[in-house]
Amino acid sequence: MESQLRHIAVEGLIGVGKTALAQLLARKLDARLILEEVEENPYLGKFYKDIKSYAFQTQLFFLFSRYKQQQELRQASMFHVVSDYLFEKDRIFAYLNLNEHEINLYEKVYSSLVKDLTRPDLVVYLQARMDTIRDRVHRRNRGFEVDLSSAYLESLSDAYNRFFLHYDATPLLIVNTDSLDFVNNRDDFENLFREIMTPTRGRRFYSSGHIQEPFERKS
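Take the sequence shown: its letters are residues 14 to 232, numbered as in the numbering used here.
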């Protein structure tokens with residue numbers, strides 16, 4: 014299927030299914046797949062055991078890893094691309110985990126990198142209830158994630174929701190995944206795929222097979 018969307022970025026909390034959806038979309042569109050280099054980060058396991066001590070190292074590794082991928086993505090701009098992250102979301106983790114002095118240095122590095130990057134044509138933001146997230150994290154049994162505290166997951170979920178509440182840099186499709194199984198249910202995937210391919214201006218909401226009209230955010 015030919016699409017006007019040259020770059021789709023899928024986002025969401027840990028365990029919500031963003032990588033699985035990105036893989037399905039890339040296969041459907043015959044697109045280049047860009048996956049976040051999670052397990053390659055040598056600090057991540059230590060970070061989850063001692064967030065305060067390893068937050069800065071973990072953050073910088075991800076920042077430069079994502080930047081390198083985005084540079085390669087620019088060179089492949091003639092192809093369709095699906096990624097399982099949005100570069101700008103790096104700041105969600107930075108402001109959640111870094112102290113004031115680390116943030117000051119991080120912002121100098123971040124601002125020098127982000128100005129050279131292009132934005133996706135559409136961001137698909139996947140949401141789910143916290144009990145759904147915890148269940149999916151435990152089912153995929155990725156060692157360093159299983160021990161994540163409920164408090165950290167909830168604070169991360171709040172940070173994601175605040176970020177995307179104010180995000181308006183690109184068209185945004187927000188998807189409630191609590192009652193969707195796009196991995197194992199073909200109809201669920203095909204219905205979601207049609208909504209993703211539908212031209213979007215501003216933001217739209219998709220839940221249980223129904224598209225919702227956008228609403229105006231309160232200031």
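In this text, a Cβ means the ideal position worked out from N, Cα and C, and glycines have one as well.
Beta-carbon separation (whole angstroms), residue 126 vs residue 80, contact threshold 8 angstroms: 5 angstroms
Proximity below 8 angstroms, CB of residue 135 to CB of residue 209: yes
Pair within 8 angstroms by beta-carbon distance, residue 143 and residue 118: no
Where the beta strand (DSSP E) containing residue 96 begins and where it ends: 94-96
CB contact flag (residue 48, residue 71, <8 angstroms): no
Boundaries (first-last residue) of the beta strand (DSSP E) holding residue 27: Here residue 27 belongs to no beta strand (DSSP E), and DSSP marks it neither H nor E.
Cα-Cα separation between residue 199 and residue 122, rounded to whole angstroms: 43 angstroms
Own chain partners of residue 213 with C-beta closer than 7 angstroms, once the 5 adjacent residues on each side are dropped: 135, 184, 186
Cα-Cα separation between residue 24 and residue 96, rounded to whole angstroms: 9 angstroms
Assumed close pair residue 21, residue 137 - CB separation to whole angstroms, cut-off 8 angstroms: 7 angstroms
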